[in-house]
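Counting from 24, one number per residue, gives the positions in the sequence shown under our numbering. Just so you know, even glycine gets a beta-carbon here, dropped at the ideal spot from N, CA and C. It should be emphasised that the depicted structure is a prediction, and the values quoted were computed from it without experimental measurement. Everything on this sheet refers to the single structure shown next.
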Amino acid sequence: FTPRIQKGFYAAMEAPTQVFKCRNHESCPGGPPGTCSGGLTGTPCSQCAAGATWTGSFCEDCAGWRQVLWVLAVLGIFAFLTLAYYLATSQVTAKATVLFSTTA
C-alpha cells in the first residue's frame with residue numbers, strides 16, 4: 024500500500040508517511056510520494072538540481088550567457104566606482120569645485 028499525497032503536500036519515497044506542506048502549491052502536485060513539478064527536488068520540492076535555476080515555473084539549466092552577464096555587471100560596477108573616485112579626487116575637479124563655490 025502506497026499512500027497518495029494531496030496537492031500542496033510532499034512526502035519522500037523513503038518515508039511516505041512523513042508529509043510536509045509546500046510553500047507553493049504548484050510545486051507539489053500531489054499523487055505518489057516523491058512527486059514534484061517543474062524539475063524541483065528536495066524536501067518539500069524546494070530546490071533545483073545542481074547547475075539549474077528556478078525561473079518562476081520550472082527549473083532551467085544555467086546558461087553560459089547568464090554567468091557572463093553577472094561577470095560583466097560586476098566589472099562594470101568596479102569600473103564606474105574607480106572612475107568616480109579618480110574624478111572626485113583629481114586636481115582639475117578640485118579647482119572646478121572651488122571655482123563654482125566662489126562665483127555663486
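- C-beta contact flag for C82 and A72 at 8 Å: A contact, by the Cβ cut-off of 8 Å.
- Terminal residues of the alpha helix (DSSP H) in which A102 lies: 87–112
- Query: In the DSSP assignment, what residue or residues form a beta bridge with C82?
  - Reply: Per DSSP, the beta-bridge partners of C82 are W77.
- Which residues DSSP lists as bridging K44, in chain order: Bridge partners of K44: F32.
- Message: If I measure Cβ to Cβ from C68 and keep anything under 6 Å in the same chain, skipping five residues before and after, which residues do I get?
- Response: Y33, C45, S50, C51, C59.
- DSSP bridge partner residues for T64 (one or two, in chain order): Q70
- With a Cβ-Cβ cutoff of 8 Å, do S80 and G61 count as a contact? yes
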